[in-house]
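K.L.:
In the working numbering, the protein residues as written are 4 to 186.
Glycine included, C-beta positions come from ideal geometry on N, C-alpha and C.
Predicted model, so just to flag it, every value in this text is computed and none were measured.
Here it is, written out as C-alpha coordinates:
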(Lines of atoms letter the chains of each structure in order from A and count residues from 1; the text may use other names and numbers.)
(Lines give C-alpha, C1' and ligand atoms only; values in the text may rest on other atoms or scores of the structure.)
Protein backbone atom coordinates (compact mmCIF):
# COMPACT_ATOMS: atom_id res chain seq x y z
CA UNK A 1 0.00 0.00 0.00
CA UNK A 2 1.45 3.35 -1.03
CA UNK A 3 0.58 7.02 -1.40
CA UNK A 4 -0.48 7.39 -5.04
CA UNK A 5 0.12 11.10 -5.73
CA UNK A 6 1.08 14.45 -4.28
CA UNK A 7 3.78 15.48 -1.81
CA UNK A 8 4.17 11.99 -0.32
CA UNK A 9 3.85 10.14 -3.63
CA UNK A 10 5.36 6.68 -3.58
CA UNK A 11 5.73 6.46 0.21
CA UNK A 12 4.96 2.93 1.35
CA UNK A 13 2.51 2.85 4.23
CA UNK A 14 2.53 0.21 6.92
CA UNK A 15 -0.35 -2.26 6.80
CA UNK A 16 -1.87 -4.20 9.68
CA UNK A 17 -1.53 -7.89 10.37
CA UNK A 18 -4.73 -9.91 10.22
CA UNK A 19 -8.13 -9.20 8.74
CA UNK A 20 -9.55 -6.48 11.03
CA UNK A 21 -8.67 -3.77 8.49
CA UNK A 22 -9.43 -3.97 4.76
CA UNK A 23 -7.34 -1.31 3.03
CA UNK A 24 -8.75 0.33 -0.09
CA UNK A 25 -6.99 -0.94 -3.21
CA UNK A 26 -4.71 1.44 -5.09
CA UNK A 27 -7.05 1.28 -8.11
CA UNK A 28 -10.07 2.38 -6.09
CA UNK A 29 -8.02 4.99 -4.22
CA UNK A 30 -6.73 6.48 -7.49
CA UNK A 31 -10.29 6.66 -8.82
CA UNK A 32 -11.63 8.22 -5.62
CA UNK A 33 -9.03 10.95 -5.60
CA UNK A 34 -9.40 11.58 -9.29
CA UNK A 35 -13.06 12.35 -8.56
CA UNK A 36 -12.06 14.62 -5.64
CA UNK A 37 -9.03 16.32 -7.21
CA UNK A 38 -10.58 19.79 -7.50
CA UNK A 39 -12.18 19.62 -4.04
CA UNK A 40 -8.99 18.75 -2.11
CA UNK A 41 -6.77 21.86 -2.09
CA UNK A 42 -7.27 23.54 1.29
CA UNK A 43 -10.02 21.12 2.36
CA UNK A 44 -10.55 19.92 5.90
CA UNK A 45 -11.09 16.13 5.70
CA UNK A 46 -12.68 13.58 8.02
CA UNK A 47 -11.53 9.95 7.58
CA UNK A 48 -14.20 8.42 9.81
CA UNK A 49 -13.09 4.78 9.73
CA UNK A 50 -9.35 5.47 9.77
CA UNK A 51 -7.94 1.93 9.62
CA UNK A 52 -4.43 2.54 8.24
CA UNK A 53 -5.01 6.23 7.58
CA UNK A 54 -4.32 5.80 3.88
CA UNK A 55 -7.35 7.76 2.62
CA UNK A 56 -6.79 10.79 4.83
CA UNK A 57 -3.05 10.65 4.14
CA UNK A 58 -3.73 10.59 0.40
CA UNK A 59 -5.94 13.67 0.85
CA UNK A 60 -3.17 15.45 2.80
CA UNK A 61 -0.61 14.50 0.18
CA UNK A 62 -2.86 16.13 -2.42
CA UNK A 63 -3.03 19.45 -0.54
CA UNK A 64 -5.91 19.04 1.89
CA UNK A 65 -5.19 21.47 4.74
CA UNK A 66 -5.94 19.03 7.57
CA UNK A 67 -7.42 15.65 8.36
CA UNK A 68 -9.09 14.03 11.35
CA UNK A 69 -8.75 10.25 11.58
CA UNK A 70 -11.22 8.33 13.74
CA UNK A 71 -10.95 4.67 14.71
CA UNK A 72 -12.18 2.77 17.75
CA UNK A 73 -9.20 0.39 17.88
CA UNK A 74 -5.97 1.43 19.61
CA UNK A 75 -3.84 -0.65 17.22
CA UNK A 76 -5.40 1.18 14.25
CA UNK A 77 -4.70 4.58 15.86
CA UNK A 78 -1.06 3.58 16.46
CA UNK A 79 -0.79 2.51 12.80
CA UNK A 80 -2.29 5.80 11.58
CA UNK A 81 0.17 7.78 13.72
CA UNK A 82 3.08 5.71 12.39
CA UNK A 83 1.95 6.24 8.78
CA UNK A 84 1.58 9.98 9.40
CA UNK A 85 5.19 10.03 10.67
CA UNK A 86 6.32 8.19 7.53
CA UNK A 87 4.88 10.95 5.34
CA UNK A 88 5.85 13.79 7.75
CA UNK A 89 2.26 15.03 8.10
CA UNK A 90 1.66 14.69 11.84
CA UNK A 91 1.16 18.45 12.24
CA UNK A 92 -1.76 18.50 9.79
CA UNK A 93 -3.56 15.60 11.41
CA UNK A 94 -5.52 14.64 14.49
CA UNK A 95 -6.01 10.98 15.42
CA UNK A 96 -9.04 10.25 17.60
CA UNK A 97 -9.56 6.88 19.27
CA UNK A 98 -13.31 6.70 19.49
CA UNK A 99 -16.36 4.84 18.23
CA UNK A 100 -17.57 6.53 15.04
CA UNK A 101 -21.07 7.28 16.38
CA UNK A 102 -19.70 8.69 19.62
CA UNK A 103 -17.39 10.93 17.58
CA UNK A 104 -20.19 12.11 15.29
CA UNK A 105 -22.52 12.83 18.21
CA UNK A 106 -19.97 15.08 19.95
CA UNK A 107 -18.28 16.59 16.88
CA UNK A 108 -18.49 20.39 16.65
CA UNK A 109 -16.21 20.81 13.62
CA UNK A 110 -17.19 21.13 9.99
CA UNK A 111 -15.49 19.40 7.08
CA UNK A 112 -15.44 19.88 3.31
CA UNK A 113 -14.85 16.17 2.62
CA UNK A 114 -15.90 13.13 4.62
CA UNK A 115 -14.45 9.74 3.66
CA UNK A 116 -16.39 6.64 4.70
CA UNK A 117 -14.76 3.23 4.24
CA UNK A 118 -16.03 1.06 7.09
CA UNK A 119 -15.73 -2.71 7.42
CA UNK A 120 -17.90 -4.23 4.67
CA UNK A 121 -19.56 -6.84 6.81
CA UNK A 122 -21.16 -4.37 9.21
CA UNK A 123 -24.00 -1.82 9.00
CA UNK A 124 -21.70 1.08 9.88
CA UNK A 125 -21.94 2.81 6.51
CA UNK A 126 -25.68 3.44 6.43
CA UNK A 127 -25.72 4.37 10.12
CA UNK A 128 -22.83 6.83 9.64
CA UNK A 129 -24.45 8.38 6.55
CA UNK A 130 -27.77 8.88 8.31
CA UNK A 131 -26.07 10.43 11.33
CA UNK A 132 -23.89 12.78 9.24
CA UNK A 133 -26.93 13.91 7.25
CA UNK A 134 -28.85 14.68 10.44
CA UNK A 135 -26.11 16.75 12.10
CA UNK A 136 -24.25 19.80 10.86
CA UNK A 137 -20.65 18.68 10.22
CA UNK A 138 -20.46 18.88 6.41
CA UNK A 139 -20.07 22.36 4.99
CA UNK A 140 -22.40 23.65 2.33
CA UNK A 141 -21.21 22.22 -0.99
CA UNK A 142 -19.16 19.55 0.83
CA UNK A 143 -18.84 15.94 -0.30
CA UNK A 144 -19.25 12.56 1.37
CA UNK A 145 -17.54 9.63 -0.37
CA UNK A 146 -18.90 6.23 0.65
CA UNK A 147 -17.10 3.01 -0.30
CA UNK A 148 -19.04 -0.23 -0.23
CA UNK A 149 -19.18 -3.69 -1.81
CA UNK A 150 -21.27 -4.45 -4.88
CA UNK A 151 -24.82 -5.19 -3.82
CA UNK A 152 -24.62 -2.99 -0.74
CA UNK A 153 -27.52 -0.54 -0.68
CA UNK A 154 -27.40 3.07 0.43
CA UNK A 155 -30.15 5.59 1.09
CA UNK A 156 -31.35 7.75 -1.82
CA UNK A 157 -31.22 11.53 -1.57
CA UNK A 158 -31.65 13.00 1.87
CA UNK A 159 -33.08 16.50 2.43
CA UNK A 160 -30.24 18.92 1.78
CA UNK A 161 -28.05 16.30 0.07
CA UNK A 162 -27.87 15.13 -3.53
CA UNK A 163 -26.69 11.62 -4.27
CA UNK A 164 -24.42 11.44 -7.29
CA UNK A 165 -23.91 8.40 -9.45
CA UNK A 166 -22.16 5.24 -8.30
CA UNK A 167 -18.66 4.54 -9.60
CA UNK A 168 -17.92 0.81 -9.99
CA UNK A 169 -14.41 -0.60 -9.66
CA UNK A 170 -14.39 -4.39 -9.69
CA UNK A 171 -16.39 -5.48 -6.64
CA UNK A 172 -16.31 -2.01 -5.07
CA UNK A 173 -18.70 0.91 -5.45
CA UNK A 174 -18.01 4.54 -4.61
CA UNK A 175 -21.03 6.76 -4.02
CA UNK A 176 -20.86 10.54 -3.65
CA UNK A 177 -23.27 12.74 -1.74
CA UNK A 178 -22.99 16.52 -1.97
CA UNK A 179 -24.52 18.89 0.56
CA UNK A 180 -26.55 21.43 -1.34
CA UNK A 181 -25.24 24.97 -1.22
CA UNK A 182 -27.07 27.21 1.19
CA UNK A 183 -28.57 24.32 3.14
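Would you please state the rounded distance, in angstroms, between the beta carbons of residue 48 and residue 118? I believe it to be under 8 Å.
P.N.:
Here the question's residue 48 lines up with position 45 in the chain shown. Here the question's residue 118 lines up with position 115 in the chain shown. Confirmed, Cβ separation roughly 7 Å.
K.L.:
Residue 7 by DSSP, collapsed to three states: which one?
P.N.:
Numbered from its first residue, the chain shown carries residue 7 at position 4. Of the three classes helix, strand and coil, the one that applies to residue 7 here is coil, per DSSP.
K.L.:
Alpha carbon to alpha carbon, how far is residue 175 from residue 1? Give it in angstroms, no decimals.
P.N.:
Because the chain here runs from 4 to 186, residue 1 falls outside it and cannot be looked at.
K.L.:
Does the beta-carbon of residue 86 have 16 or more other beta-carbons within 10 angstroms, so that it is buried, or is it exposed?
P.N.:
Position 83 of the chain shown, counted from the first residue, corresponds to residue 86. Counting Cβ neighbours within 10 Å, residue 86 comes out buried, since at least 16 surround it.
K.L.:
Does DSSP put residue 43 in a helix, a strand or coil?
P.N.:
Here residue 43 refers to the residue found at position 40 when the chain shown is read from its first residue. Of the three classes helix, strand and coil, the one that applies to residue 43 here is coil, per DSSP.
K.L.:
In the DSSP output, what is residue 178 paired with across the bridge?
P.N.:
Along the chain shown, read from residue 1 onward, the residue named residue 178 stands at position 175. According to DSSP, which records beta bridges pairwise, residue 178 is partnered with 149 and 169.
K.L.:
At what residues does the beta strand (DSSP E) containing residue 118 begin and finish?
P.N.:
Working through the chain shown from its first residue, we reach residue 118 at position 115. Element bounds for residue 118: 114-119.
K.L.:
Measuring only the C-alpha atoms, how far is residue 147 from residue 139?
P.N.:
Indexing the chain shown from 1 puts residue 147 at position 144. Indexing the chain shown from 1 puts residue 139 at position 136. Cα-Cα distance, rounded: 13 Å.
K.L.:
Find out if the Cβ-Cβ distance for the pair residue 98, residue 53 is shorter than 9 Å.
P.N.:
For this step, residue 98 is matched to residue 95 along the chain shown. For this step, residue 53 is matched to residue 50 along the chain shown. In contact: residue 98 and residue 53 (Cβ atoms closer than 9 Å).
K.L.:
Alpha carbon to alpha carbon, how far is residue 145 from residue 67?
P.N.:
Reading the chain shown from its first residue, position 142 is the one you call residue 145. Reading the chain shown from its first residue, position 64 is the one you call residue 67. Answer to the nearest angstrom: the Cα atoms are 13 Å apart.
K.L.:
Just to confirm my understanding: we take residue 3, look at its own chain, exclude 5 residues before and 5 after, and list those with CB closer than 6 Å. What are they?
P.N.:
What the structure shows of the chain is the stretch from 4 to 186, and residue 3 is not part of that stretch, so it cannot be assessed.
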